[in-house]
Amino acid sequence: MEKSFVSQIADIDGDFAQWYTDVVVKTKLVDYGPVKGTMVIRPYGYAIWENIQSEFNKRFQENGYENAYFPLLIPMSFMTKEAEHVEGFAPEVAVVTHAGGEKLAEPLCIRPTSETIIGTMYGKWIESWRDLPLRMNQWANVMRWEKTTRPFLRTSEFLWQEGHSVFASAEEAEEETLRMLAVYEEFAKTCLAMPVLTGKKTEKEKFAGAVATYGMEAMMHDGKSLQSGTSHYLGQNFSKAFDIKFTDKDGAQKYGYTMSFGVSTRLIGAIIMTHGDNRGLVLPPVVAPVQVVIVPIASKKAGVLEACRELEEKLKKAGVRVKVDDSDNSPGWKFNEWEMKGVPIRIELGPRDIEAGKMTVSRRDGYEKTELPLGDAENAVASLLQEISENLYEKAKKRMEERIADADTLGELLKGVDGGNFVRAGWCGERACEDKVKEFAQATSRVAAKEHTACKCVACGKKAATTLYFARAY
RNA sequence: UGAGGUGUAGCGCAGUUUGGUAGCGCGCUUGGUUAGGGACCAAGAGGUCGUGGGUUCAAGUCCCGUCACCUCAACCA
6 MEKSFVSQIA
16 DIDGDFAQWY
26 TDVVVKTKLV
36 DYGPVKGTMV
46 IRPYGYAIWE
56 NIQSEFNKRF
66 QENGYENAYF
76 PLLIPMSFMT
86 KEAEHVEGFA
96 PEVAVVTHAG
106 GEKLAEPLCI
116 RPTSETIIGT
126 MYGKWIESWR
136 DLPLRMNQWA
146 NVMRWEKTTR
156 PFLRTSEFLW
166 QEGHSVFASA
176 EEAEEETLRM
186 LAVYEEFAKT
196 CLAMPVLTGK
206 KTEKEKFAGA
216 VATYGMEAMM
226 HDGKSLQSGT
236 SHYLGQNFSK
246 AFDIKFTDKD
256 GAQKYGYTMS
266 FGVSTRLIGA
276 IIMTHGDNRG
286 LVLPPVVAPV
296 QVVIVPIASK
306 KAGVLEACRE
316 LEEKLKKAGV
326 RVKVDDSDNS
336 PGWKFNEWEM
346 KGVPIRIELG
356 PRDIEAGKMT
366 VSRRDGYEKT
376 ELPLGDAENA
386 VASLLQEISE
396 NLYEKAKKRM
406 EERIADADTL
416 GELLKGVDGG
426 NFVRAGWCGE
436 RACEDKVKEF
446 AQATSRVAAK
456 EHTACKCVAC
466 GKKAATTLYF
476 ARAY
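Sequential numbering of the first sequence, starting at 6, is according to my numbering.
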């Protein structure tokens with residue numbers, strides 16, 4: 006017999022990378038793409054992304070954003086207008102040199118991010134203070150030629166959302182940067198059941214061309230950190246490079262202040278690694294493609310399939326994403342299959358249940374089965390989905406909070422990250438000290454802590470200017 | 001680019017030391033019996049052994065070249 010999924014995967018804490026790859030491949034979320042470092046997102050994986058998109062679109066609209074689309078190809082000359090930006094992205098940009106059978110006069114970059122092309126258009130569109138603020142979002146693919154890749158976490162091509170805004174004042178743009186960061190944090194909590202740390206990044210870790218970068222970091226099962234969203238205050242760096250000028254109320258020509266923010270399909274990787282267990286995926290109900298799977302027992306017996314269909318209809322009407330697995334695999338096989346795929350609720354329906362007017366319900370965040378009356382299935386399922394979401398969040402939050410350690414010295418910091426912790430430590434503000442931490446502990450600064458509690462820099466012992474979270478990162 | 005490793009059926013692998021008919025498990029197809037935690041029986045399909053050359057009566061196996069991929073280091077949503 007083939008080894009089961011559970012026995013094939015190593016200890017979840019021991020060989021996490023292998024476990025992750027197994028989950029991604031076996032649950033048919035993706036195939037590896039024909040081009041190295043790319044992935045083919047299969048329907049089950051893409052459905053998660055679509056749910057993420059629709060939840061985000063609601064929130065973006067509430068914040069004044071409209072969706073738009075900008076071109077994939079960016080003239081090289083656009084990229085070079087902002088010095089830091091081009092320097093930061095140059096090593097990972099793919100370039101189109103030929104088209105139509107001829108060498109192009111100017112090479113075209115495949116977008117690694119769209120600040121430059123959107124900035125160019127904004128420069129043409131914006132004339133007056135009345136045009137501001139301008140807020141747009143695009144859902145797109147981008148390409149960054151990464152040396153090492155892993156599905157969802159780092160692929161050469163990935164799908165994301167990038168929001169780009171222009172304001173008349175620095176204050177408004179900075180405020181927006183933090184507001185969208187807060188939208189991310191709320192989304193992570195309510196839709197992904199994922200607790201995150203948010204805060205400002207250091208100079209070393211900030212986006213190329215930004216004045217300030219804020220990040221959202223999530224703790225994975227193995228204690229490593231995954232940057233799962235960023236929001237950048239760009240000041241006037243891009244408005245000056247792309248001539249984003251407007252005539253203000255006082256008649257003066259002024260440069261706008263811009264900001265941008267993005268999350269990617271990496272969020273799906275974050276879900277897998279935050280909630281997954283030895284049985285496979287665990288999907289938060291809000292984004293799960295299938296929220297409830299109904300498994301018929303002895304499905305050839307009279308009335309069983311009919312009862313399943315009836316329940317399916319009832320739940321569908323209540324807005325639940327539900328599926329009846331009427332394939333002719335054995336029930337045990339189906340249980341394992343759907344557990345591996347992370348479906349939050351499984352309902353078993355067999356002759357015994359139907360006779361008793363009940364259904365056997367099993368939730369993915371636990372092992373126990375309970376019997377509930379069939380008559381009130383919609384309400385039971387709705388509240389159970391909510392409960393599962395909250396439970397997943399609480400479990401992940403507890404785990405994260407238990408694994409935040411404090412360090413005063415490099416030795417303590419190393420011990421902390423070795424033990425799978427985020428380490429909170431003081432930092433004097435010098436780049437050299439950050440580099441020293443990385444060299445000593447293979448950990449990087451993630452974000453600044455909201456409260457500055459440390460006194461001394463963990464690397465040099467001088468007075469700490471900030472308190473940072475350090476972690477090993479994906 | 002520095003170091004190590006792997007290419008054999010859709011997937012995971014054995015076979016290479018010592019050259020001698022291409023194997024196993026899973027999956028797939030067909031039929032039947034089953035069904036409350038990855039069922040069982042039977043029959044079947046599927047491989048120019050990454051690739052080019054060489055040695056040999058004979059190469060998956062030995063020799064030379066070459067390509068691809070993986071892991072770690074370096075770089076990153």
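Ideal placement from N, C-alpha and C gives every residue a C-beta, glycine not left out.
Rounded to whole angstroms, what is the Cα-Cα separation between residue i and residue j?
i           : j           : result
residue 161 : residue 135 : 39 Å
residue 473 : residue 89  : 24 Å
residue 307 : residue 423 : 58 Å
residue 290 : residue 248 : 45 Å
residue 358 : residue 395 : 28 Å
residue 121 : residue 304 : 58 Å
residue 152 : residue 46  : 20 Å
residue 52  : residue 294 : 6 Å
residue 459 : residue 400 : 28 Å
residue 194 : residue 397 : 10 Å
residue 14  : residue 24  : Unreliable placement is indicated for residue 14, whose pLDDT of 47 sits below 50; the coordinate value is still reported in the next sentence. So the alpha carbons of these two residues sit roughly 5 Å apart.
residue 479 : residue 217 : 21 Å
residue 253 : residue 176 : 16 Å
residue 345 : residue 288 : 10 Å
residue 443 : residue 61  : 34 Å
residue 374 : residue 273 : 28 Å
residue 110 : residue 245 : 26 Å
residue 471 : residue 463 : 11 Å
residue 196 : residue 284 : 22 Å
residue 202 : residue 421 : 17 Å
residue 468 : residue 432 : 8 Å
residue 475 : residue 404 : 17 Å
Identify whether residue i lies in helix, strand or coil by the three-state DSSP scheme.
i           : result
residue 188 : helix
residue 354 : strand
residue 80  : strand
residue 453 : strand
residue 10  : Any answer about residue 10 is weak, because its pLDDT of 46 lies below 50 and its placement is not dependable; what the coordinates show is given next. If DSSP states are grouped into helix, strand and coil, residue 10 belongs with the helices.
residue 224 : strand
residue 369 : coil
residue 219 : strand
residue 75  : coil
residue 426 : coil
residue 480 : With the chain covering 6 to 479 only, the question about residue 480 has no answer from this structure.
residue 376 : strand
residue 273 : helix
residue 142 : strand
residue 147 : strand
residue 309 : helix
residue 361 : helix
Return the residue from the list the options that minimises the CA-CA distance to residue i.
i           : options            : result
residue 279 : 331, 390, 236, 225 : 225
residue 33  : 398, 49, 283       : 49
residue 235 : 270, 189, 273, 437 : 189
residue 96  : 110, 107, 105, 115 : 115
residue 27  : 259, 108, 281, 91  : 281
residue 331 : 125, 268, 157, 313 : 313
residue 205 : 54, 457, 158, 347  : 457
residue 392 : 342, 402, 368      : 368
residue 31  : 256, 343, 231      : 343
residue 140 : 131, 148, 147      : 131
Are residue i and residue j closer than 8 Å when you measure CB to CB?
i           : j           : result
residue 228 : residue 426 : yes
residue 100 : residue 117 : no
residue 323 : residue 261 : no
residue 302 : residue 355 : yes
residue 386 : residue 351 : no
residue 4   : residue 451 : Past the boundaries of the shown model lies residue 4; the chain is included only from 6 to 479, so the question cannot be answered.
residue 430 : residue 446 : no
residue 182 : residue 237 : yes
residue 320 : residue 309 : no
residue 143 : residue 72  : yes
residue 266 : residue 133 : no
residue 65  : residue 168 : yes
residue 270 : residue 157 : yes
residue 243 : residue 300 : no
residue 402 : residue 200 : yes
residue 210 : residue 414 : no
residue 43  : residue 170 : no
residue 233 : residue 268 : yes
Under the assumption that residue i contacts residue j (Cβ atoms under 8 Å), give the Cβ distance between them as a whole number of angstroms.
i           : j           : result
residue 363 : residue 379 : 6 Å
residue 223 : residue 145 : Contact doesn't hold; Cβ gap of about 23 Å is too wide.
residue 186 : residue 214 : That pair is no contact at about 18 Å.
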